[in-house]
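Undergrad: For the protein sequence lines, the chains are C and E, in the order given.
For the first sequence, position 68 (counting from the first letter as 1) is numbered 68 according to our numbering, and the numbering increases by one without interruption.
Count along the second sequence from 1, then add 1000; that gives the number in our numbering.
Idealized CB from N, CA, C, for every residue including glycine.
Can you keep this structure in mind? I'll have questions shortly.
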Amino acid sequence: MAGTNETRTWQRFDRRRRFGRYLGWLAALIVFVASWRFLETGVTRPETIPREINDLLTRMYPPDVSYTAEIVRPLIETIHIAALGTAGALVLAVPVALLAAENTTPNAATYWLGKVIVTVSRSVNTIIWALIFVVVFGTGPLAGAVAIAFRSVGFLGKLIGEEIEEIDFGQVEAVRAAGASPTQLLLYGILPQVKPALVGLSVYRWDINVRDSTILGFVGAGGIGVQLFRAVNAFAWQSVATVLLVILGVVVVSEALSAYARSLVR
Amino acid sequence: MATDERTWRRPTAFRRREMKWAVYAGIVAFFLWSAWGIGLDLSRVVRGVGRGATLLGDFLPPDATPRQTQRIVDKMVESVAMAMVSTVTGIVLSVPIAFMAAENLSPKPLYYLNRGFISISRAFNAIIVAILVVKAVGLGPLAGIITITFKTVGFFSKLFAEDIEDIDMGSVDAVRAAGASPVQTLLYGVVPQIVPRFAGLSVYRWDINIRTSTIVGIVGAGGIGSVLLTAFNRYDYPYVSAILLAIILVVLVAEGVSAVVRRRYQ
């Protein structure tokens, strides 16, 4: 053994792990090629794709500035939807979070109930929730706000639940020992400990909801998506460009606001 | 100044208490404006809840004829294949963009250019991108692939660029000081530091792409979304809930796989 020492070279991985890595790359390649072939996209001339996208962009330029007047109201509606949706989600998410947190849930059944609500809410995209609530509430922003709320419950419930699991339970015990009712326990034992996270996460979700609420119009749930959809279907590309720019502006502003608000509570 | 009159008050995140109440009042006023703006009234909500209960009854139990089941499976495979292809293409395109968008490696003009591209990609919801791409390249999975690739580039480059910015420049300088060319500096100074994060991020984005690929069909970009929309438009609610169950199942499996892989790499 000692004699072979000088011929040894340093290697990052031993042979088995290297083999595993190659296998991983190979598998990824096979899946990629197989998926591509399965899809039969019929791209006989891939070089035309950039050209067609480029064509679309040229037609959008210059943006139709006069269209701005028409999208102010839908834009405000979008912001309303995002705000109310987030508020609704927060109201619904707190009980869900209490159920889904291991240390506050009453028993195993409620724990799983919490987990199921969180999972279903998160797995179903906003636009699918919107499809459902347009049937329930009719077309319009109310359906959109409820859809946003239902989608956000999972996100907030999951993350707030995780925060609750990390609280210092000693404080809760102390409040309980002082003779607090369950409501008081929640208000004075748990809430103060998760409040920064509650605010931070709500603002973060609000920011995501502003983005999400721009598409609700495609299925009739209000907001600026209605205008966008209409302009796209009318091939009014310059109006489309205006709407896109406005959305970009709103999203950037809300992201900055959200980042600022979160830096305050952190 | 009698010190014994002092009482303890909870510290506030705002500098002054008046400020705090002003902010709270502003937020409440905003929500009231939102509620008024989207036409929220109690009778509508109550009626909606009633209709929601009826709809839930229509949804249950999930049901699909053998032909419908076959269609779910086919389109779901299409969704997953779309996600696979666009994860690979998106990540391949992201790598150069991420390097150009990292402040510590990239010259300023290039940095701003790539950051701008990332912001645009992230600002627009996948559905908005999909609707434009469908107009450019036609209906079908190709539009979905382009859409998800575009969204992947925004997400992946942003997070990857941030990881690159966080690397230890000391080891990069060491490689450079040993006389490495720029390419060698990248390969031996930068790459080894970011490989683990790269793997984790890829899997994370793959998981998100599976979710996205299930909805872009709503605007005609391929995958299960189209089946869902058709079923909705035909009021075939048991079929809708069967599709929703299939989506939730696939999303859960993807999330599980992603979580396991990421845990192994961290």
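(1) With a threshold of 9 Å between beta-carbons, can LEU1040 (chain E) be considered close to chain C, or not?
(2) For LEU1228 (chain E), which residues in the same chain have their Cβ closer than 6 Å to its Cβ, ignoring the five residues on either side in sequence?
(3) Please classify TRP129 (chain C): is it buried, with 16 or more other beta-carbons within 10 angstroms of its beta-carbon, or exposed?
(4) In chain E, which residues lie with their C-beta within 8 Å of the C-beta of THR119 (chain C)?
(5) Does the CB of THR41 (chain C) have a neighbour CB from chain E at under 9 Å?
(6) Three or more beta-carbon pairs under 8 Å between the segment 188–207 of chain C and the segment 117–132 of chain C, yes or no?
(7) Could you pull the start and end residues of the alpha helix (DSSP H) that ARG1197 (chain E) belongs to?
(8) Alpha carbon to alpha carbon, what distance is there between VAL72 (chain C) and PRO62 (chain C)?
(9) For the segment 1117–1131 of chain E, list every residue whose C-beta sits within 9 Å of some C-beta in chain C, in sequence order.
(10) Who are the neighbours of PRO141 (chain C) on chain E, taking C-beta pairs under 9 Å?
(11) Are PHE1160 (chain E) and PHE1124 (chain E) close, meaning C-beta to C-beta below 9 Å?
(12) Please confirm if the segment 15–24 of chain C is in contact with the segment 1100–1120 of chain E, defined as three or more CB-CB distances below 8 Å between the two stretches.
(13) Can you pull out the residues from the segment 1158–1186 of chain E whose beta carbon lies closer than 9 Å to at least one beta carbon of chain A?
(14) Scan the segment 180–253 of chain C and note each continuous alpha helix (DSSP H) run of 4 residues or more that stays entirely inside, going in chain order.
(15) So is PRO1096 (chain E) in contact with chain C if we call contact Cβ pairs under 9 Å?
(16) Name the residues in the segment 1068–1090 of chain E whose C-beta lies less than 9 Å from a C-beta of chain C; which are they?
(17) Use the C-beta contact count for ALA99 (chain C): other C-beta atoms within 10 angstroms, 16 or more gives buried, fewer gives exposed.
(18) Given 8 Å as the limit, tell me if PHE133 (chain C) has its C-beta closer than that to any heavy atom belonging to the ligand ZN.
(19) VAL1257 (chain E) and VAL1203 (chain E): beta carbons closer than 9 Å?
(20) If you check the beta carbons only, do ASP64 (chain C) and ALA236 (chain C) fall under 9 Å apart?
(21) To the nearest angstrom, how far is it from the Cα of ALA1246 (chain E) to the Cα of PRO1141 (chain E)?
(22) Straight-line CA distance for VAL251 (chain C) to GLY1116 (chain E)?
(23) So, under 8 Å CB-CB, SER152 (chain C) and GLY249 (chain C) are touching, yes? Tell me the CB distance rounded to an integer number of Å.
(24) Can you tell me which of the three DSSP states MET1 (chain C) falls into?
(25) Measure from the alpha carbon of VAL1190 (chain E) to the alpha carbon of each residue in E:ASN1104, E:LEU1032, E:ILE1027, E:LEU1056, then state which is nearest.
(26) Take ASP1074 (chain E) and list the residues in its own chain whose beta-carbon comes closer than 6 Å to its own, dropping the five residues that flank it on each side.
(27) State the Cα-Cα distance for the pair GLN171 (chain C) and VAL265 (chain C), rounded to the nearest angstrom.
(28) Please compile the residues from chain E whose C-beta is within a distance smaller than 7 Å of the C-beta of ALA231 (chain C).
(29) Given a cut-off of 9 Å on the beta-carbon distance, is the pair SER121 (chain C) and GLY154 (chain C) in contact?
(30) Return helix, strand or coil for LEU1186 (chain E), following the three-state DSSP convention.
(31) Report yes if the CB atom of ALA143 (chain C) is closer than 9 Å to the CB atom of GLY222 (chain C), and no otherwise.
(32) With the cut-off set at 9 Å, would you say ALA101 (chain C) and GLU165 (chain C) are in Cβ contact?
(33) Enumerate, from N- to C-terminal direction, the unbroken alpha helix (DSSP H) stretches of 4 or more residues contained entirely within the segment 1084–1163 of chain E.
(34) Would THR1214 (chain E) and GLY1200 (chain E) be called neighbours here (beta carbons separated by less than 9 Å)?
(35) Name the residues in the segment 1041–1069 of chain E whose C-beta lies less than 7 Å from a C-beta of chain C; which are they?
TA: Concretely, from the data shown:
(1) Within the second sequence, the letter at position 40 stands for residue 1040 (chain E). It does: the Cβ of LEU1040 (chain E) has a partner Cβ on chain C nearer than 9 Å.
(2) Taking the first residue of the second sequence as position 1, residue 1228 (chain E) is located at position 228. Within the same chain, Cβ atoms closer than 6 Å to the Cβ of LEU1228 (chain E) are found at ILE1243, the five residues on either side in sequence being excluded.
(3) Within the first sequence, the letter at position 129 stands for residue 129 (chain C). Its Cβ being crowded by 16 or more others within 10 Å, TRP129 (chain C) is buried.
(4) Indexing the first sequence from 1 puts residue 119 (chain C) at position 119. The contacting residues are ILE1248, LEU1252.
(5) Here residue 41 (chain C) refers to the residue found at position 41 of the first sequence. Interface residue, yes.
(6) Contact between the segment 188–207 of chain C and the segment 117–132 of chain C is not established, with fewer than three Cβ pairs separated by less than 8 Å.
(7) Residue mapping note: residue 1197 (chain E) aligns to position 197 of the second sequence, counting from 1. Looking at the DSSP string, the run of the alpha helix (DSSP H) that includes ARG1197 (chain E) is 1191–1213.
(8) Translated into the one-based positions of the first sequence, residue 62 (chain C) becomes position 62. Translated into the one-based positions of the first sequence, residue 72 (chain C) becomes position 72. Distance between the alpha carbons of PRO62 (chain C) and VAL72 (chain C): 19 Å.
(9) Listed by position, the residues of the segment 1117–1131 of chain E near chain C (Cβ gap below 9 Å) are SER1119, ILE1120, ARG1122, ALA1123, PHE1124, ASN1125, ALA1126, ILE1127, ILE1128, ILE1131.
(10) Here residue 141 (chain C) corresponds to residue number 141 of the first sequence, with the count starting at 1. Around PRO141 (chain C), the beta-carbon contacts reaching into chain E at under 9 Å are GLY1037, ILE1038, GLY1039, LEU1040.
(11) Taking the first residue of the second sequence as position 1, residue 1160 (chain E) is located at position 160. Taking the first residue of the second sequence as position 1, residue 1124 (chain E) is located at position 124. Not closer than 9 Å, so no.
(12) With a cut-off of 8 Å on Cβ pairs, the segment 15–24 of chain C is not in contact with the segment 1100–1120 of chain E, counting fewer than three such pairs.
(13) Absent from the structure is chain A; the protein chains it does hold are C and E.
(14) Fully enclosed alpha helix (DSSP H) runs of no fewer than 4 residues occupy 191–213, 225–233 of the segment 180–253 of chain C, in order along the chain.
(15) Working through the second sequence from its first residue, we reach residue 1096 (chain E) at position 96. PRO1096 (chain E) has a beta carbon lying at 9 Å or more from every beta carbon in chain C.
(16) Using a CB distance below 9 Å, the part of the segment 1068–1090 of chain E facing chain C consists of VAL1077, GLU1078, VAL1080, ALA1081, MET1082, ALA1083, MET1084, VAL1085, THR1087, VAL1088, THR1089, ordered along the chain.
(17) Taking the first residue of the first sequence as position 1, residue 99 (chain C) is located at position 99. What sits at residue 99 (chain C) in the sequence shown is Leu, not Ala. That one is buried.
(18) The model on display carries no ligand, and the ligand ZN is accordingly not part of it.
(19) The residue given as residue 1257 (chain E) occupies position 257 in the second sequence. The residue given as residue 1203 (chain E) occupies position 203 in the second sequence. Their beta carbons are under 9 Å apart, which means VAL1257 (chain E) touches VAL1203 (chain E) by this criterion.
(20) Here residue 64 (chain C) corresponds to residue number 64 of the first sequence, with the count starting at 1. Here residue 236 (chain C) corresponds to residue number 236 of the first sequence, with the count starting at 1. Yes; because the gap between Cβ atoms is below 9 Å, this pair is in contact.
(21) For this step, residue 1246 (chain E) is matched to residue 246 along the second sequence. For this step, residue 1141 (chain E) is matched to residue 141 along the second sequence. Cα atoms of ALA1246 (chain E) and PRO1141 (chain E): separation of roughly 19 Å, rounded to the nearest angstrom.
(22) In the first sequence, the residue the question calls residue 251 (chain C) occupies position 251. In the second sequence, the residue the question calls residue 1116 (chain E) occupies position 116. The straight-line gap separating the alpha-carbon atoms of VAL251 (chain C) and GLY1116 (chain E) is approximately 13 Å.
(23) One-based indexing of the first sequence puts residue 152 (chain C) at position 152. One-based indexing of the first sequence puts residue 249 (chain C) at position 249. About 23 Å; that fails the 8 Å criterion.
(24) Reading the first sequence from its first residue, position 1 is the one you call residue 1 (chain C). At MET1 (chain C), the pLDDT of 45 sits below 50, so the modelled position is not reliable; the number obtained from the coordinates is stated separately. Looking at MET1 (chain C) - three-state DSSP - the assignment turns out to be coil, as it is neither helix nor strand.
(25) Counting from one through the second sequence, the residue named residue 1190 (chain E) turns up at place 190. The candidate whose alpha carbon is nearest that of VAL1190 (chain E) is E:ASN1104.
(26) As a working mapping, residue 1074 (chain E) is identified with position 74 in the second sequence. Counting only Cβ-Cβ distances below 6 Å, and skipping sequence neighbours, we find nothing.
(27) Within the first sequence, residue 171 (chain C) is the residue found at index 171, counting from 1. Within the first sequence, residue 265 (chain C) is the residue found at index 265, counting from 1. Rounded to whole angstroms, the gap between the alpha carbons of GLN171 (chain C) and VAL265 (chain C) is 21 Å.
(28) Counting from one through the first sequence, the residue named residue 231 (chain C) turns up at place 231. Listed by position along chain E, the residues whose Cβ is nearer than 7 Å to that of ALA231 (chain C) form an empty set, because the closest Cβ is around 10 Å away.
(29) One-based indexing of the first sequence puts residue 121 (chain C) at position 121. One-based indexing of the first sequence puts residue 154 (chain C) at position 154. If you check the CB distance, SER121 (chain C) and GLY154 (chain C) come in under 9 Å.
(30) One-based indexing of the second sequence puts residue 1186 (chain E) at position 186. Looking at LEU1186 (chain E) - three-state DSSP - the assignment turns out to be helix.
(31) The residue labelled residue 143 (chain C) in the question sits at position 143 within the first sequence. The residue labelled residue 222 (chain C) in the question sits at position 222 within the first sequence. A Cβ-Cβ contact shorter than 9 Å links ALA143 (chain C) with GLY222 (chain C).
(32) Taking the first residue of the first sequence as position 1, residue 101 (chain C) is located at position 101. Taking the first residue of the first sequence as position 1, residue 165 (chain C) is located at position 165. Yes.
(33) Counting whole runs of 4 or more residues, the segment 1084–1163 of chain E contains the alpha helix (DSSP H) stretches 1108–1123, 1126–1137.
(34) Within the second sequence, numbered from 1, the residue matching residue 1214 (chain E) stands at position 214. Within the second sequence, numbered from 1, the residue matching residue 1200 (chain E) stands at position 200. The answer is no: Cβ separation not under 9 Å.
(35) Taking 7 Å as the Cβ-Cβ cut-off against chain C, the residues of the segment 1041–1069 of chain E that qualify are ARG1044, GLY1048, ARG1051, GLY1052, LEU1055.
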